[in-house]
Every structure is written in structure tokens, then in C-alpha cells.
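Since the structure comes first, as C-alpha cells, the remarks are kept for the end.
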Amino acid sequence: MDSPQAAPPGPPDTGPAVPEPRGGDDPYLRVDDLRVRFDTADGVVRAVDGVSFAVPRGRTLGIVGESGSGKSVTALAVLGLHDPRRSTVTGGIAVGGRQLVGLAEEQVRRLRGRDLAMIFQDPLSALHPYYSVGRQIAEAYRVHHPRTGRRAARTRAVEMLDRVGIPQPARRYDQYPHEFSGGMRQRAMIAMALVNDPALVIADEPTTALDVTVQAQILDLLADLQAEFRTAIVLITHDLGVVAQVADDVLVMYAGRVVEQGSAAQVLRRPQHPYTWGLLSSVPSLHGDPDADLVPIPGNPPSLIDVPSGCAFHPRCRYAGDRSRTVVPALGPAGAGGHLVACHLPADDRAALSHQAVPGAGVSR
1 MDSPQAAPPG PPDTGPAVPE PRGGDDPYLR VDDLRVRFDT ADGVVRAVDG VSFAVPRGRT
61 LGIVGESGSG KSVTALAVLG LHDPRRSTVT GGIAVGGRQL VGLAEEQVRR LRGRDLAMIF
121 QDPLSALHPY YSVGRQIAEA YRVHHPRTGR RAARTRAVEM LDRVGIPQPA RRYDQYPHEF
181 SGGMRQRAMI AMALVNDPAL VIADEPTTAL DVTVQAQILD LLADLQAEFR TAIVLITHDL
241 GVVAQVADDV LVMYAGRVVE QGSAAQVLRR PQHPYTWGLL SSVPSLHGDP DADLVPIPGN
301 PPSLIDVPSG CAFHPRCRYA GDRSRTVVPA LGPAGAGGHL VACHLPADDR AALSHQAVPG
361 AGVSR
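The sequence shown begins at 1 in the UniProt record's numbering and counts up by one.
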């Protein structure tokens, strides 16, 4: 259903540069044309392929997509956690105006934990089982404050445990990870991530293993801390309900590429890419028919060793035409306010099909 004239295979269309962030501030994190490649025995894995975005302080960017879309690989690249012996990272990653790509590992390590930090998906595996939770938080503080004594570091750790809502923080300081509930472990991970007051926090599926009540508490906590410290947050998730609740802006990834990005209201209420329609159609709507069947996306995500030609989503897309199969679509304007989409469907067709594919736009914002 895209343009009736087929195009020969070739390079992707030339798209716009990364959109300026909303909110009136300069971006604290700017990622430009990020590419991450892994050389394996089976071939080259192009895990991230030309991703660009910007996040100012005090705002949250939600990066969504299925497993294997490149979300977590992007996050680890920002933190400089890819092993240079097994990966190739190119493009630009600027944090607070400082370019990280090509920076010496020791310099990146000094920034990590102080200026940028990560909240991992599974705190039980991220926390060391042989050390108390409080000691681990205190040591994370002392790494970046080497002149701080143990007593002062303990005081800081207890303060952070209290700040994230853990009861009896002085007693909990001496307890081990297995003595904490799942929700409390995640709170402890947040305390560790924020102990040095970083300006940027990357949260990788921070609520996946938690029940809905604890999920809500963790998301509220992140929002409160962001309001207090004006932290820039990158939220990696597959849960569009979480994105609707906390994100200011949304980046939709598929097969290592950005297929749609814009404000949360734009992407969730007026989605423009068939993949985004599929994601929204597969989750319940608060405003739709409660008896309506959820519609899964047909097929499976592609191998990143052998990504389909043209639009990588075309084998799963009912609207794909000849151009979709041969030419990689570039991000282009999908409306006002920096809403971008990478799709060959004409704008009028996308607008009409969006209402049919996602009645009520799936989730509310």
C-alpha cells in the first residue's frame, strides 16, 4: 500500500537530524547516529543502526520495542559498557556536552556513577550477595568521593535508603539483598543509582519483575526524585502502560532502528507507524471495548545478522508495498512538534489507517 512505483535497492533516504528536545533546555544527553556492531562467528550483528535522540534535564524519554530491538544495547552504549574487544561503537554520545565515544575507559568510569547511572532490571543479580545493601551503596558513594570516611559514607547511604522509602533505614543498612523484598531491592538499586546525584539515569525495565502495586510505587518514586533533582531519565521498557504514565517523549525501535519518535501524547494518541500500531493494539485500552480481542503482531522480530532489505518491518506489515521491500525509509515529519516516522505510506493513508488499526489509540496519556 505504499507508493505504487517500486524503487531499486539502495541506501536509505536522507532524513532530518536529531530533533531538538522539548522543554526549553539544552539536551544533557545527545545521541547522534549511534551504531553498535558485534562481530560473531555467525556474522555481524548490527544491534543499533543510526539511532539519534536528545534528552534535557527534568524530562523522561521512553524507548520502547520488542526484545531484540536494540533498546538495552543503546543504553549500555551510552554508559560505555560494551567490551571494545567484541563490539564496535560509532556515532556521537555527548553527556553534559562531553563526547564519550572514543574517550579512555578510565575517564568514562569516572563519569559513570557520578554524572550518569543505571537502574538494572534485576536488582537481585545486580547487587552483590555477600555484602550488605547499605555497604554497597556506601561504597558506590566513596568511589567518587575518595576523601569521605566510612562513617560519613554510611550516613549518606542511610539517608538514601530513607529517601527512597525503605523503612528503618539504619537497620536495613546491614541487611543483605536476599533479606529484601523485590520492591525493596529495586528501591535500593534506585538509592545506589542516585547516591552521587547523577544528572542522567538510565532505567532498564525497572518494574518488569514487580507486581502492579509496587510498579506504581517505583514509578511514583522516580517521578518524585526527578522533580527534586531535575534528573534526565531514559526509560527502557516494553510496557506502553509505563511509558504512558511517566514518559515525556517516546522513541520506538525496531531491528536496531528508530521507526517513530515524538512526544508521548503524539506517539500514543496519533501513532503513525504500523509497528507502533501493532504495539498499541496488543495492549488493553482503558477507553476501548473491554471485550475487544487483543491483536498480536504477526511473525517474529528479524535476526540482526540478516535484517530484511528495505523497511525491516515489511515481512510483518500488511501495508508493505514494493518500495517498503527495497528502500530503507528515513525518519521524516509526521506532524507538528517534532513527531517523526520512518514509513513509506503517504501521510493521508497513515492518518486514516491509524484510526482503523488502533481505535482509541490503545493507551491513554
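Backbone N, C-alpha and C fix where the C-beta goes; we use that ideal spot for every residue, glycine too.
By the Cβ rule, the segment 298-307 counts as touching the segment 59-73, because three or more pairs are nearer than 8 Å.
Annotated three-state conformation of GLU205 is coil, per DSSP. Within the segment 173-223, the complete beta strand (DSSP E) segments at least 3 residues long are 200-204, listed from N- to C-terminus.
The segment 221-234 makes contact with the segment 46-60: 3 or more CB pairs, one atom from each, lie closer than 8 Å.
Between LEU345 and GLN272, the alpha-carbon positions lie close to 9 Å from each other. The alpha-carbon separation between GLY149 and ALA138 amounts to approximately 10 Å. A contact is defined here as three or more CB-CB pairs under 8 Å, and the segment 118-138 meets this definition with respect to the segment 184-192. For the options LEU111, GLY165 and ARG316, the alpha carbon positioned closest to that of TYR254 is the one of ARG316. Closest option to ALA264, judged by alpha-carbon separation, among ALA170, ALA203, ASP249 and ILE190: ASP249.
Inter-residue distance for PRO284 and GLY102 is about 44 Å (C-alpha atoms, whole angstroms).
Cα atoms of ALA320 and VAL295: separation of roughly 18 Å, rounded to the nearest angstrom. Proximity to TYR176 across ASP39, GLN136 and ILE202 peaks at GLN136, based on C-alpha coordinates.
Using a C-beta cut-off of 8 Å, the segment 204-217 makes contact with the segment 236-246, since at least three inter-stretch Cβ pairs fall below that distance. According to the DSSP secondary-structure assignment, ALA54 is paired through a beta bridge with ARG30. The alpha-carbon separation between GLN356 and GLY97 amounts to approximately 43 Å.
DSSP, reduced to helix, strand and coil, places PHE229 within a helical segment of the structure shown. As the crow flies, the alpha-carbon of ARG114 is around 38 Å from that of PRO329. Linking ILE218 to GLY165 through their CA atoms gives a straight-line distance of about 10 Å.
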